[in-house]
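What follows is a short report on a single structure.
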Amino acid sequence: MASVAFFVTAHGFGHASRACAVAQTLARIAPDTRVELFTGIPQWYFSQSLKEFGYHRMDCDTGPIQKDALTTDLAATLKKLDEDIPFSRKRLDSLVSKLQRLHCAMVVCDIAPLGIAAARDAGLPCILIENFTWDWIYAELAARDPNFERFSSFLKPLFASVDLHIQSTPVCRPSTSAKQVNPISRSPRHSAPDTRKALALDPGRPLVFITMGGVPQGHPYVGSLETKFSGIDFVIAGASRTEHRAARNVLMLPPDSIHYHPDLVRAADVVIGKAGYSTIAEVFHAGSPFGYFVRDDSPEMPPLVEFLRDNVKGLALQATGYPSGDWLAHLQGLLSEGKDARQEVENGAIQCARMIVERLSS
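Structure below.
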């Protein structure tokens with residue numbers, strides 16, 4: 001049995017979702033392959049998608065520190081980078097020993113550079129899956145604070161050293177040397193009617209799914225959902241510790257909800273959320289209209305927004321209007337859009353899994 005180590009950044013749930021989709025598909029087409037996960041993302045998140053895997057909790061992230069789902073803390077980010085980079089020899093030696101004990105034949109990174117460094121020291125082939133890399137993010141942020149430049153300079157050759165570079169649409173900085181794949185997302189398990197039944201929702205009422213990713217975010221507008229939009233059902237992901245109704249038409253879900261995120265996206269008439277990779281990929285494949293909040297402080301935004309405008313029904317919303325509920329003024333227009341009935345596109349997870357199997361077999 002071949003083992004593949006996945007090093008996954010804990011910068012929100014988006015990268016973990018993408019890694020899950022690839023690992024899920026890999027398990028289907030190469031069932032003798034075992035996945036070993038190295039990440040700071042909680043184990044329960046992967047258990048929602050994967051049946052069998054090794055889990056090794058660790059901080060392998062070099063991404064920006066978030067104040068909330070829509071705001072980056074630049075000072076805290078620089079402090080953390082100063083503590084972690086360059087990677088310590090002791091840390092790398094420990095990882096190399098663990099990869100050897102686990103009989104890993106390959107390392108896949110999304111987009112944790114620590115995994116690339118460990119693969120290099122262990123003499124293992126390394127595959128990078130990304131739609132952006134941290135060196136690019138920090139080069140962009142250097143315009144606001146020059147201290148980011150040295151971290152970008154450290155990380156750039158590391159990302160360039162991988163054996164196979166895969167870029168998943170929508171890509172922020174296309175590379176001619178990389179393999180391009182379609183949007184990568186986890187696949188739904190249940191039909192829209194079955195999901196609505198599991199949520200105890202009337203199938204005849206409009207459903208709006210609100211999802212802000214894996215970083216905690218308040219929802220102060222909830223009271224107005226019952227008073228002004230009583231004819232619409234709202235489901236809010238990651239909004240509370242337990243599943244409960246905040247109002248007759250508002251269902252709050254915990255981060256580790258039994259309801260699968262791709263199923264909720266498929267069941268919704270409209271999705272409202274942060275313009276992050278995994279949600280974009282899921283609404284793209286589901287054809288759901290998307291009202292998306294644009295983070296002005298993120299270099300990732302322009303390419304993501306361009307992709308959404310060209311390929312997904314919906315519209316951009318101002319992040320500053322999220323807490324106040326200003327975006328609710330656009331809700332009826334989004335509901336009138338209807339689902340996109342375009343032809344199904346092959347999931348990029350299938351394309352990635354094929355390339356991993358080819359490399360393992362060579």
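Under the working numbering, the first residue of the sequence shown carries the number 1, and numbering increases by one thereafter.
By construction, the Cβ of each residue, glycine as well, lies at the ideal position given by its N, Cα and C atoms.
- Pairwise C-beta distances place the segment 72-85 out of contact with the segment 35-44, as fewer than three of them are shorter than 8 Å.
- For ARG189, same chain residues with a beta-carbon under 7 Å away, outside a window of 5 residues either side, are TYR260, ASP263 in chain order.
- A Cβ-Cβ separation of about 19 Å leaves GLU337 out of contact with GLY321 under the 8 Å criterion.
- Bridge pairing for GLN167: GLU130, GLN180 [DSSP].
- If the five residues before and after MET301 are omitted, its C-beta is found closer than 7 Å to the C-beta atoms of ALA275, VAL294, ARG295, all from its own chain and listed in chain order.
- Within the same chain, and ignoring the five residues on either side of THR169 in sequence, the residues whose Cβ sits closer than 6 Å to its Cβ are ASN182, PRO183.
- In this structure ILE210 does not touch ILE280 by the C-beta definition: roughly 15 Å separates them, more than the 8 Å allowed.
- With a contact defined as Cβ atoms closer than 8 Å, ALA267 and THR195 qualify at about 4 Å.
- The three-state reading of DSSP puts ASP256 in coil, since its state is none of H, G, I, E or B.
- A distance below 6 Å between beta-carbons, with the five flanking residues on each side excluded, links ALA246 to the following residues of its chain, in chain order: VAL222, MET252.
- Here PRO64 has THR72, THR77 as same chain residues with Cβ atoms under 6 Å from its own Cβ, once five neighbours each way along the sequence are excluded.
- Under the rule that a run must span 4 or more residues, the alpha helix (DSSP H) segments found entirely inside the segment 229-289 read 261-267, 277-286.
- CA-CA distance, CYS104 to ALA5, rounds to 6 Å.
- For PHE234 and SER288, the gap between their C-alpha atoms comes out near 15 Å.
- Within its own chain, the residues whose Cβ lies closer than 6 Å to the Cβ of ILE127, once the five positions on either side in sequence are excluded, are VAL108, LEU164, listed in chain order.
- For the pair HIS219 and GLY238, the Cα-to-Cα distance works out to about 11 Å.
- For ALA329, the secondary structure class from DSSP, reduced to helix, strand or coil, is helix.
- The beta carbons of TYR45 and ALA16 sit about 6 Å from each other, so the pair counts as a contact at 8 Å.
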